[in-house]
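Notes follow the structure.
Residue numbers (my numbering): 22 to 377.
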């Protein structure tokens, strides 16, 4: 059994179902503008919302075309419409297909958060983690809740970061931004999602690493932006432990990729494949509290506590500490970094284990 998908950052952040519930209520309350046809096979609520807001209309040939690639000219028009709602200058986008990471970077720029992304990028670079060129914008996009995974039954619908984004995926992210205007008094001011993300990421400061810590964390950081895939431990479909429908990682699969497939010496201390199996390998006498953690430690979450007998039911998530109150993990937003001081992580923390 692979590691289970866990909810992210409640109550500030919401699951895709909760977000869709909000979007559904907003669409139901919106004035009717005629019948909506051809919305695609999934996420019709988000597609309808961006269509009726004039941000991403149906294609001239008819229908929304959710499975079709988003064109740069369409995104340019979407940003023009969005900028009027946000009171921010429109970002110019040229024609041609837009990759997932390029879309994320452009939307982060449109939301006035490029400086935050640059600071995150620079800090990871300063710490010697060799982040990819889109690391900063991928982190910010996830802190803004703009990127979210399909449920495990639809893993095959995920996109690789380098693939052209579809209109349906773009509609999801754009609908989230539109939703801010309905649920937040100021879409871009104090108390907004941007202000929250800016505050959280202002604390992204990394420590000095040992050679072993740096080697392992470089592998982990290189996977930021990859989707969460149930049973996933590689960049491609197929798996060492059975089939994965798409390239990507579940929480323990990321740990497996970093330390075992990444041929790190510490991998010799890991034998289990699930979060619970890994946690069970840490003797009670060697379990660590949150304030005792160091970069490279495995962080376990669930109902178990430092004295508990570990089961598959009471340890349901694992991440890798990167230091100063941050971890890297694969959860509902795919592989990204996350602060450890947020409420659900504090309450859900079980214990840590040192393998480096």
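Beta carbons: idealized from backbone N, C-alpha and C, even for Gly. None of the values given here were measured: they were computed from a predicted structure.
Contact fails between the region 272 to 286 and the region 305 to 315, because fewer than three Cβ pairs, one in each stretch, are under 8 Å apart. Taking a C-beta distance under 8 Å as the contact criterion, residue 183 and residue 120 qualify as a contact pair. With respect to the 8 Å criterion, residue 267 and residue 177 are classified as neighbours on the basis of their beta carbons. Secondary structure of residue 313 (DSSP, three-state): helix. If you check the CB distance, residue 144 and residue 226 come in under 8 Å. Contact between the region 217 to 232 and the region 112 to 126 is not established, with fewer than three Cβ pairs separated by less than 8 Å.
Contact check for residue 77 and residue 195: beta-carbon distance about 6 Å, within the 8 Å limit, so the pair qualifies. Counting C-beta pairs with one atom in each stretch, the region 329 to 340 and the region 289 to 302 have three or more that are closer than 8 Å, which means they touch. By the CB criterion at 8 Å, residue 141 and residue 135 fall outside the cutoff. The region 155 to 165 makes no contact with the region 226 to 241, as fewer than three CB pairs between them are under 8 Å.
Collapsing the DSSP output to three states places residue 152 in coil.
Under the 10 Å beta carbon count, residue 171 is surrounded by 16 or more other beta carbons and is classified as buried. Buried is the label assigned to residue 64, since at least 16 other Cβ atoms lie within 10 Å of its Cβ. For residue 90, the pairing in a beta bridge is given by DSSP as 187.
The shortest CA-to-CA distance from residue 351 to any of 256, 273 and 103 is the one to 273.
Closest option to residue 303, judged by alpha-carbon separation, among 376, 245 and 163: 376. DSSP, read as helix, strand or coil, puts residue 350 in strand. In the assembly as shown, residue 213 is a buried residue. Its beta-carbon has 16 or more other beta-carbons within 10 Å. Proximity to residue 199 across 165, 322 and 292 peaks at 165, based on C-alpha coordinates. By a beta-carbon distance limit of 8 Å, residue 188 contacts residue 86. Their separation comes to about 6 Å. At a cut-off of 4 residues, the continuous stretches assigned as alpha helix (DSSP H) that sit fully inside the region 282 to 341 are 296 to 301. With respect to the 8 Å criterion, residue 287 and residue 321 are not classified as neighbours on the basis of their beta carbons. With a cutoff of 8 Å on beta-carbon distance, residue 319 and residue 276 are scored as near each other.
In the structure shown, the three-state DSSP call for residue 356 is strand. Between residue 131 and the set 361, 341, 230 and 101, the nearest pair of CA atoms involves 101. Nearest to residue 137 by alpha-carbon distance, out of 252, 362 and 160, is 160. By the Cβ neighbour-count rule, residue 344 is buried, with 16 or more other Cβ atoms within 10 Å of its own.
Beta-bridge annotation (DSSP): residue 254 is paired with 270.
The secondary-structure analysis by DSSP pairs residue 373 across a beta bridge with 309 and 320.
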